[in-house]
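Those letters in the sequence shown? Residues 36 to 287, by our numbering. Note that the Cβ used here is the ideal one computed from N, Cα and C, for glycine as well.
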Amino acid sequence: MTAPRAATDGAIAPDPAPAARLERVEELQARIRGMQAARLDTRAVPTHPALASVLPGGALREGAIVQVEGSITLLMAALAGPSRSGRWVAVAGIPEFGVEAAARFGVDLERLVLVPDPGRQWLTVAAALADVIPVVAVRPAGRLAPAEASRFAARLRQRGALLLVDGDWPGSDARLELERSDWTGLGHGHGHLAEREVVVRVTGRGEVGRGARRRLRLPAGDLGFAAVDETGAAAASAPGIVHRPDFAARAS
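This is the structure we're talking about:
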């Protein structure tokens, strides 16, 4: 601890250390704000048009961490855009991730890496994948400390990789959440499920924090993904909606 300086007239001069510390703190805060803002300025990752309609700026971003909750199909939609553009994608710790469904939804299986059960080493595996693959999806197998999450985020920014998380992640940039799901297609106890209309909500930091909702078809009748024309949203109340799950439980 620095002793107070004596003034020339014998009085005790104020210690400049608190002011210097405050200035240092403000400098660090400015740098942090700059780093966070830079995330929205980084290059866009090719995004499926259906998801682009709900995301701020219409795209996912390199170096970002996005939680995708409530649906594996929604996760596949997030992977479909980058995959179709020719980027490699990886999925770790999600054993129920179906390759046939992924292929139908537009994920290129020739550029897909699967690690169904990384076990306790899931974070190490995810970091190794993010070093070489531009888009990685992972389901955390345990609680992640904020310090670990911060180090991983810095690594992603260095590599320019996008992380999609099926679960909780401290300090994530955005969260895509499935709020509602309505299946159509069945008649009076017979027929086939034709398509599913959902409500996707996005929240997060900065401009993402305002939150946005959009009705999407995941999947649509052609087994693709599409945004719903809001002028025709009344169709959600039409006959033929046969399944509306409670999202307190996990939906697929």
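When you compare only the Cα positions, how much space is there between residue i and residue j?
i, j, result
"residue 130", "residue 152", "7 Å"
"residue 132", "residue 119", "18 Å"
"residue 100", "residue 252", "24 Å"
"residue 179", "residue 186", "11 Å"
"residue 202", "residue 174", "6 Å"
"residue 105", "residue 213", "5 Å"
"residue 128", "residue 162", "13 Å"
"residue 122", "residue 166", "14 Å"
"residue 282", "residue 78", "Only weak support exists for where residue 282 lies, its pLDDT of 36 falling under 50; the value from the coordinates is given anyway. Going by the C-alpha atoms only, they are around 33 Å apart."
"residue 233", "residue 248", "10 Å"
"residue 239", "residue 231", "25 Å"
"residue 88", "residue 164", "28 Å"
"residue 172", "residue 107", "11 Å"
"residue 82", "residue 194", "19 Å"
"residue 90", "residue 156", "31 Å"
"residue 176", "residue 263", "35 Å"
"residue 92", "residue 86", "11 Å"
"residue 168", "residue 215", "32 Å"
"residue 139", "residue 192", "31 Å"
"residue 199", "residue 95", "10 Å"
"residue 137", "residue 109", "11 Å"
"residue 170", "residue 237", "19 Å"
"residue 114", "residue 204", "18 Å"
"residue 154", "residue 80", "29 Å"
By a C-beta neighbour count over all protein chains shown, 10 Å radius and 16 as the cutoff for buried, is residue i buried or exposed?
i, result
"residue 112", "buried"
"residue 103", "buried"
"residue 84", "exposed"
"residue 206", "exposed"
"residue 159", "exposed"
"residue 210", "buried"
"residue 188", "buried"
"residue 134", "exposed"
"residue 116", "buried"
"residue 250", "buried"
"residue 148", "exposed"
"residue 196", "buried"
"residue 125", "buried"
"residue 184", "buried"
"residue 182", "exposed"
List the residues that DSSP assigns as beta-bridge partners of residue i.
i, result
"residue 176", "None, per the DSSP bridge assignment."
"residue 104", "212"
"residue 238", "210"
"residue 125", "148, 171"
"residue 79", "96"
"residue 200", "102, 173"
Name the two residues that bound the continuous beta strand (DSSP E) containing residue i.
i, result
"residue 144", "Careful: residue 144 lies outside any beta strand (DSSP E) and carries neither H nor E."
"residue 90", "Per DSSP, residue 90 belongs to no beta strand (DSSP E) and is neither H nor E."
Between which two residues does the alpha helix (DSSP H) holding residue i run?
i, result
"residue 183", "181 to 194"
"residue 131", "Element bounds for residue 131: n/a, residue is neither H nor E."
May I ask you to verify whether the segment 91 to 100 touches the segment 144 to 159, counting CB pairs closer than 8 Å and requiring at least 3?
Contact fails: fewer than three Cβ-Cβ distances are below 8 Å.
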